[in-house]
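If you read the protein sequences in the order shown, they are chains A, B and C. Per the numbering used here, the first sequence runs over residues 36 to 453. Per the numbering used here, the second sequence runs over residues 2 to 301. Per the numbering used here, the third sequence runs over residues 22 to 395. Ideal Cβ positions, reconstructed from N, Cα and C, are used throughout, including at glycine. Please read these numbers as outputs of a predicted model, since none were measured by experiment.
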Amino acid sequence: MARKRTIMIFLRDVRGALLISLWFMFLTFPIMVIKVNPIERTVVWRWDNMAYVGLLSFLLYLAGRQYLKYRERRLESSRRQSMEEKTKRFLRRLSENPVPAYTLMAVAGVFALSFPFVFSTYQTNIMITALMYVVLGLGLNIVVGVAGLLDLGYVAFYAVGAYSYALLNLHFGVGFWFALPIGALLGMTFGILLGFPVLRLRGDYLAIVTLGFGEIIRLILENWNEFSKGPSGISNIPRPGLFGLEMPLETAITYLYFLMIGLVLFTVFVVRRLQDSRIGRAWYALREDEIACQAMGIDKTRTKLTAFALGATWAGMAGVIFAAKTTFINPASFTFLESAIILCIVVLGGMGSIVGVILAALILILLPEYLRAFSDYRMLVFGAVLVLMMVFRPQGLIGHRRRTYTIKPDAGRSGNAA
Amino acid sequence: MDYFIELFFSGLTRGSIYALIALGYTMVYGIIGLINFAHGEIYMIGAFTALIVSTVLSIYNMPLAAILVLTVLASAIWAGAYGFTVEKLAYKPLRKAPRLSPLISAIGMSIFLQNYVLLAQTPDFLPFPPLIPEFAFMEPVSGVIGSSELVILTMTTSLMLLLTLFIKFTRLGKAMRATAQDRTMARLVGINVNMIISATFIIGSGLAAIGGLLIASHIGQINFFIGFIAGIKAFTAAVLGGIGSVPGAVLGSFILGLTESFATGYVSSDYEDVFAFSLLVLILIFRPAGLLGKSSAEKV
Amino acid sequence: MKNARHILAMLCALVVAAAVHAGPAAAETIKIGVAGAHSGDLASYGLPTVKAAELVVNDINARGGINGKKVELLIEDDVCKPEIATNTATKLISQGAHVIIGHICSGATKAALPIYKESGTIVISPSATNPDLTQSGDYPNFYRTIASDDAQARTEVDFAVKVLGVRKIAIIHDKGDYGKGLAEFAKTFVEQSGAAEVVLYEGVTPGAVDYSAVVQKIRRSQAEAVIFGGYHPEASKIVTQMRKKKMETIFISDDGVKDDTFIKVAGQYAEGVYATGPADVTANPLAMAAREAHVTAYGVEPGAFFDNAYAAALAITHALEQAGSTEPGAIADALRTKEVATPFGNIHFDERGDATGVGFSVYQVQNGQYIQVQ
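Set out below in structure tokens:
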């Protein structure tokens with residue numbers, strides 16, 4: 036009887052898979068099958084593509100069904116823990132019991148410190164890029180993840196930082212170490228400048244205005260030749276120095292790498308402290324419920340502005356380092372797509388989670404580099420990965436767990452007894 | 002004065018293109034509150050389908066009228082199918098997810114669709130056959146407004162009228178409005194909410210496809226990347242007018258098109274986008290929910 | 022704790038193993054790096070260079086290599102983005118590339134050059150046209166087989182003013198690195214010529230849905246000719262809208278437009294458009310042989326910058342052979358002093374790194390084909 040049922044279910048799945056594959060064959064018919072040449076007026080019919088699409092969607096659907104069933108069964112059986120609970124418990128154990136956490140951190144630390152000596156300059160170089168995005172992600176995390184203000188123009192502050200170093204160096208010969216705080220300050224100033232007009236806006240209106248702001252900054256850099264040298268960009272920006280020491284390229288890259296490690300640690304430290312501070316709690320409150328937040332007597336204006344300003348500060352700093360790293364910048368590096376990637380890092384990591392953001396930045400930036408082998412298909416894979424990650428883990432890689440305080444029942448009882 | 006009128010018409014043309022795309026954004030937003038970043042890609046796929054279908058048909062020597070009708074139908078149907086599928090794959094599983102997750106999923110979908118067309122078709126620009134003929138009666142005014150501009154304007158206006166009537170008076174339209182107002186309540190009174198959401202995506206995508214077809218025929222070329230900029234502009238227009246409101250999207254699109262056109266004509270096209278976005282910021286400062294958006298006081 | 026020690030021990034082992042692995046490999050072959058856009062929307066500008074390098078190198082290897090050493094190609098993508106180009110450059114250096122053919126876009130080249138300069142690696146680009154690359158003196162290791170933007174702008178302006186005799190010129194660009202740079206030079210040259218004036222100088226937004234406002238503005242400025250700096254998609258949109266509005270204004274553009282795709286896309290409206298481009302080499306026997314080899318090897322006609330890339334590959338391999346070593350000074354010396362036969366005729370490089378004898382000609386679209394007119 037049971038066997039008959041399983042066969043029935045399987046048959047139903049096969050029917051579903053057939054329908055799905057028919058649908059996808061229909062859907063992709065014009066784009067995948069027909070290739071026209073409008074000038075020579077010729078058509079190529081690529082029927083083999085249709086077969087591939089049909090087969091692939093058929094198999095994917097069956098695999099997906101099996102996976103879902105497997106997951107359901109796992110959830111149903113109460114004795115066994117689901118994978119999710121296991122990871123959750125593991126993470127909780129990590130945070131409660133410091134010993135494995137410290138071990139893990141020590142391993143990560145040793146790995147990070149030995150990285151440039153173990154791997155090639157190229158690997159170090161892309162790792163620097165990834166670390167830069169870690170900083171950007173953590174910065175945007177303050178605005179989007181913690182304070183809940185959707186910012187689609189974050190790249191504007193990044194550009195401000197990069198151009199402030201490039202221009203100050205070009206005109207006044209200002210060095211990297213001096214430019215770093217200036218870039219951060221300018222980033223902050225622009226953050227406040229953007230923050231003021233958009234204070235009243237909520238949700239997606241805020242998103243589009245920040246998007247517009249990002250585009251405006253880029254367009255000004257592109258068009259105002261006298262100021263920014265326009266689209267041809269600024270070249271020969273010096274790498275960061277060490278007391279005027281001239282360094283060969285490899286040393287310079289290693290140096291920059293450690294600088295980035297330092298900045299990431301600093302950022303993590305500051306963000307952690309901020310999250311648990313008075314202002315950090317105000318940000319969370321703002322994210323959860325703006326009206327309740329106001330009712331509690333939190334100054335909404337100041338809270339929002341600090342979020343924008345602090346987020347922009349990190350972008351400014353990252354921008355200075357970006358300019359120092361590539362030694363050449365032009366407005367084409369600061370497009371909307373860049374903002375979108377940084378936003379993806381924040382959301383993919385799990386809004387508000389520091390470890391999540393670090394993981395997501397490493398994945399999203401290193402993935403395309405290592406996907407070079409796929410060359411043509413890498414952006415296709417990248418897009419698909421974004422969708423799949425969101426569908427299977429909508430809360431991000433590591434959902435943020437807020438610090439919680441629990442009153443233990445016996446503690447309460449003993450209190451009563453005393 | 003002539004110059005003013007010329008700029009006015011070029012602004013109207015731009016505006017009506019934005020409007021056709023913006024309607025899809027605004028309808029989807031109105032119902033599920035999602036910025037559908039992949040919408041520009043649907044517009045691009047609509048244009049590509051139109052190119053493919055019309056070329057194939059003209060190779061088989063179909064009469065012009067038949068080509069026109071079939072091309073419009075095919076591109077709207079396939080774009081609708083893509084919109085439907087994208088919603089089912091990338092947004093439906095995320096209905097209950099945190100608010101930003103569907104946005105990332107939409108960005109991913111947009112990157113995916115662009116590269117899908119790039120790989121399955123071509124990275125190069127392709128010439129688009131002029132589907133809109135040059136009318137003889139437009140000859141005297143062709144310096145001011147061409148035949149394709151006239152067709153775009155009339156098509157857009159009539160499609161918009163139809164859409165408004167549809168939303169106002171049909172059963173499906175009423176169900177859409179109900180779902181937009183309160184999804185839970187709509188379900189309680191027996192509206193199949195999933196069906197309504199799918200219908201919204203299909204209609205929005207179909208409109209975008211017609212927009213894609215018209216504009217591709219007007220400028221005579223397409224490639225896989227055209228959806229991106231058009232999408233961003235249309236989205237801006239939708240927000241400008243008050244996202245979620247159909248007349249708002251239309252109004253916002255025309256304002257945006259006219260602003261760009263006059264900024265180019267009287268100032269410089271170097272900064273046309275700066276003008277467009279500055280206008281947006283200004284309007285939103287004074288009307289935080291857009292021109293026709295309802296700035297509903299939030300209830301506690 | 023025991024666990025932790027295990028992990029640490031394993032990590033140490035890993036570190037040692039990797040360090041041993043990363044040791045220097047024996048340099049038996051000559052490695053030529055090929056960098057440029059090989060994927061994404063600009064791939065069509067970068068891939069022909071890869072093909073050209075492959076053809077030249079296969080030929081050399083079939084004849085026994087350079088001074089008995091086989092040549093190996095290291096092909097890396099930079100998507101034409103400066104920030105990626107630095108990664109590409111460090112990767113090529115890490116892999117031990119002796120010389121580089123590339124990069125394709127000027128911006129990416131500028132970002133990558135300091136890294137090559139550090140290791141003294143010679144770079145030869147088939148398509149980076151920004152004047153600063155050779156004229157600023159910042160990049161002594163850079164050579165190219167294409168003329169710079171200012172030379173091209175000079176050709177365009179001279180043709181417009183002296184040959185066509187126009188007095189009012191509108192200069193339009195696409196706000197891009199290449200197009201705007203070219204437009205700036207064109208503007209300066211027109212103003213210097215004294216014979217003509219710039220009546221309009223505007224940038225258009227690439228990818229915009231409609232250019233009719235700019236077209237109206239051109240009409241209003243009563244320009245007799247438009248000089249456009251940019252690529253063919255925008256050029257064909259502008260030309261099409263101008264002609265549809267019954268404007269007969271002369272249209273002159275650059276080698277971003279001197280591409281057969283422009284004629285295909287703009288169709289009938291392309292007729293009469295002028296564009297500058299590298300000298301016509303279709304009659305050169307070497308160029309003809311290269312094209313034939315391409316068709317036999319890949320089954321299609323070669324794409325953009327193929328002749329330049331072929332010349333670059335020939336020049337650099339020839340220099341390697343003449344130098345007798347991979348020592349940068351010797352290669353540079355050979356590039357500067359020894360003539361090499363290329364599709365552009367016999368060329369060598371001047372002190373700044375520009376190839377002598379690679380200039381621009383003016384073409385016009387006549388009956389659906391680019392015909393050299395000057």
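Quiz item: Listed from N- to C-terminal order along the chain, which residues in the region 255 to 287 of chain A have their beta-carbon within a distance smaller than 8 Å of any beta-carbon of chain C?
Solution: Glu257, Asn258, Asn260, Gly265, Pro266, Ser267, Gly268, Ser270, Asn271, Pro283, Leu284
Quiz item: Which class does C:Gln387 belong to by DSSP, given the choice of helix, strand or coil?
Solution: Residue mapping note: residue 387 of chain C aligns to position 366 of the third sequence, counting from 1. Looking at C:Gln387 - three-state DSSP - the assignment turns out to be strand.
Quiz prompt | CA nearest to the CA of A:Val233, picked from B:Tyr19, B:Ala67, B:Tyr44, B:Arg288 | solution = Within the first sequence, numbered from 1, the residue matching residue 233 of chain A stands at position 198. Minimum Cα distance to A:Val233 is reached at B:Arg288.
Practice problem: For B:Ala39, collect the residues of the same chain with a Cβ closer than 7 Å to its Cβ; drop the 5 residues on either side in sequence, then sort them by chain order. | Solution: Walking along the second sequence from the start, residue 39 of chain B turns up at place 38. Taken in chain order, the residues that qualify are Val87, Ala107, Met110, Ser111, Leu114.
Exercise. Please determine if the region 71 to 83 of chain B and the region 243 to 256 of chain B are in contact, where contact requires at least 3 C-beta pairs separated by less than 8 Å.
Key: no
Quiz prompt | Those runs of the alpha helix (DSSP H) which lie wholly inside the region 239 to 281 of chain A and span at least 4 residues | solution = 260 to 263
Quiz item: What do you get for A:Asn365, buried or exposed, if any count of 16 or more other CB atoms within 10 angstroms of its CB means buried?
Solution: Numbered from its first residue, the first sequence carries residue 365 of chain A at position 330. With 16 or more other Cβ atoms within 10 Å, it is buried.
Quiz item: Skipping 5 residues on each side, what residues in its chain have a beta carbon closer than 8 Å to that of C:Glu360?
Solution: Numbered from 1 along the third sequence, position 339 holds the residue referred to as residue 360 of chain C. Answer for C:Glu360: Asn367, Ile368, His369, listed in chain order.
Quiz item: Residues in its own chain within less than 7 Å of B:Lys300 by CB, not counting five upstream and five downstream?
Solution: Here residue 300 of chain B refers to the residue found at position 299 when the second sequence is read from its first residue. Annotation note: pLDDT 47 at B:Lys300 (below 50); position unreliable, coordinate value reported separately. Counting only Cβ-Cβ distances below 7 Å, and skipping sequence neighbours, we find nothing.
Quiz item: Would you say B:Leu35 reaches chain C, if we count a Cβ-Cβ gap shorter than 9 Å as a contact?
Solution: As a working note, residue 35 of chain B is residue 34 in the second sequence. Taking Cβ atoms only, chain C never reaches closer than 9 Å to B:Leu35, which makes this a no.
Practice problem: Assign A:Gln101 to buried or exposed, taking buried as 16 or more other Cβ atoms, counted over all protein chains shown, within 10 Å of its Cβ. | Solution: The residue you call residue 101 of chain A lines up with position 66 of the first sequence. So A:Gln101 counts as exposed.
Quiz item: In the region 154 to 178 of chain A, which residues sit with their C-beta less than 9 Å from some C-beta in chain C, listed in chain order?
Solution: Phe154, Ser155, Thr156, Tyr157, Gln158, Thr159, Asn160, Ile161, Thr164
Quiz item: Could you give the distance in angstroms between the alpha-carbon of B:Ile256 and the alpha-carbon of B:Tyr267?
Solution: Sequence index remark: in the second sequence, residue 256 of chain B carries index 255 (1-based). Sequence index remark: in the second sequence, residue 267 of chain B carries index 266 (1-based). Computed Cα separation, rounded: 16 Å.
Practice problem: Give the interface partners of B:Glu7 over in chain C, defined as CB-CB distance under 7 Å, in chain order. | Solution: Reading the second sequence from its first residue, position 6 is the one you call residue 7 of chain B. Simply Gln237.
Practice problem: For chain B, find out if any of its Cβ atoms is closer than 9 Å to the Cβ of C:Ser274; answer yes or no. | Solution: As a position in the third sequence, residue 274 of chain C is number 253, starting the count at 1. Not one chain B Cβ lies under 9 Å of C:Ser274.
Quiz prompt | Neighbour flag for A:Met352 against chain C, beta carbons, 9 Å | solution = Within the first sequence, numbered from 1, the residue matching residue 352 of chain A stands at position 317. Chain C, which has no Cβ nearer than 9 Å to the Cβ of A:Met352, makes this no.
Self-check item: At least 3 beta-carbon pairs within less than 8 Å: the region 174 to 184 of chain C vs the region 207 to 223 of chain C
Solution: yes
Self-check item: Those runs of the alpha helix (DSSP H) which lie wholly inside the region 350 to 406 of chain A and span at least 4 residues
Solution: 371 to 384, 389 to 405
Self-check item: Contacts around C:Ser169, its chain only, beta-carbon distance under 6 Å, and the 5 residues preceding and following it disregarded
Solution: Here residue 169 of chain C corresponds to residue number 148 of the third sequence, with the count starting at 1. Closer than 6 Å at the Cβ level, and outside the excluded window around C:Ser169, lie Thr150, Pro152.
Quiz item: Does the beta-carbon distance from A:Gly218 to A:Gly188 come in below 9 Å?
Solution: Residue mapping note: residue 218 of chain A aligns to position 183 of the first sequence, counting from 1. Residue mapping note: residue 188 of chain A aligns to position 153 of the first sequence, counting from 1. No. Outside cutoff.
Quiz item: Can you list the residues of chain B that C:Ala110 reaches, using a CB-CB cut of under 9 Å?
Solution: Taking the third sequence and counting its residues from 1, one reaches residue 110 of chain C at position 89. Going along chain B, no residue has its Cβ under 9 Å from C:Ala110, so there is no contact; the nearest lies around 24 Å.
Exercise. Return no unless some Cβ of chain C is closer than 9 Å to the Cβ of A:Lys360.
Key: By one-based count along the first sequence, residue 360 of chain A stands at place 325. Yes, A:Lys360 counts as interfacial toward chain C.
Practice problem: Indicate whether at least one CB of chain A lies closer than 9 Å to the CB of C:Pro103. | Solution: In the third sequence, the residue the question calls residue 103 of chain C occupies position 82. Yes, because at least one Cβ of chain A sits closer than 9 Å to the Cβ of C:Pro103.
Quiz item: Are the Cβ atoms of C:Gly224 and B:Ser269 separated by less than 9 Å?
Solution: Counting from one through the third sequence, the residue named residue 224 of chain C turns up at place 203. Counting from one through the second sequence, the residue named residue 269 of chain B turns up at place 268. Their beta carbons are under 9 Å apart, which means C:Gly224 touches B:Ser269 by this criterion.
Exercise. Kindly provide the ranges of any alpha helix (DSSP H) runs that are 4 or more residues long and lie completely inside the region 108 to 195 of chain C, ordered along the chain.
Key: 127 to 140, 153 to 156, 170 to 179
Quiz prompt | C:Asp375, DSSP secondary structure in three states | solution = Indexing the third sequence from 1 puts residue 375 of chain C at position 354. Note: C:Asp375 maps to strand in three-state DSSP.
Exercise. Consider the Cβ of A:Arg47: report whether some Cβ of chain C lies at a distance smaller than 9 Å.
Key: Here residue 47 of chain A refers to the residue found at position 12 when the first sequence is read from its first residue. So, not an interface residue.
Quiz item: Where DSSP assigns a beta bridge to A:Asn160, which residues make up the other side?
Solution: Taking the first residue of the first sequence as position 1, residue 160 of chain A is located at position 125. In the DSSP output, where bridge partners are listed per residue, A:Asn160 has none listed.
Quiz item: Closer than 9 Å, CB to CB, is C:Thr226 near chain B or not?
Solution: Here residue 226 of chain C refers to the residue found at position 205 when the third sequence is read from its first residue. Yes, because at least one Cβ of chain B sits closer than 9 Å to the Cβ of C:Thr226.
Self-check item: Alpha-carbon spacing of B:Ser55 relative to B:Leu154, whole angstroms
Solution: Within the second sequence, numbered from 1, the residue matching residue 55 of chain B stands at position 54. Within the second sequence, numbered from 1, the residue matching residue 154 of chain B stands at position 153. Spanning the two alpha carbons is a distance of roughly 22 Å.
Practice problem: Please name the residue, chosen from B:Gly41, B:Tyr19, B:Phe5, B:Ala23, that lies closest to B:Phe229 on a Cα-to-Cα basis. | Solution: Looking up residue 229 of chain B in the second sequence gives position 228. Residue B:Gly41 is the option with its Cα nearest to B:Phe229.
Quiz item: Does the beta-carbon of A:Trp459 have 16 or more other beta-carbons within 10 angstroms, so that it is buried, or is it exposed?
Solution: Shown here, chain A extends from 36 to 453; a query on residue 459 of chain A therefore has no answer.
Exercise. Work out the CA separation of A:Phe192 and C:Cys101 for me, nearest whole Å.
Key: To locate residue 101 of chain C, count along the third sequence from 1; it is residue 80. To locate residue 192 of chain A, count along the first sequence from 1; it is residue 157. Their Cα atoms are separated by approximately 23 Å.
Quiz prompt | Distance between beta carbons of B:Met28 and B:Gly174, contact taken as under 8 Å | solution = Reading the second sequence from its first residue, position 173 is the one you call residue 174 of chain B. Reading the second sequence from its first residue, position 27 is the one you call residue 28 of chain B. Contact flag wrong, Cβ pair sits at about 11 Å.
Quiz item: When the Cα atoms are used, what is the spatial distance from A:Trp80 to C:Ala256?
Solution: Taking the first sequence and counting its residues from 1, one reaches residue 80 of chain A at position 45. Taking the third sequence and counting its residues from 1, one reaches residue 256 of chain C at position 235. Taking the straight line joining both Cα atoms gives about 32 Å.
Quiz item: At a Cβ threshold of 9 Å, is A:Leu415 touching chain B?
Solution: Taking the first sequence and counting its residues from 1, the one referred to as residue 415 of chain A is at position 380. Output row for A:Leu415: interface = yes.
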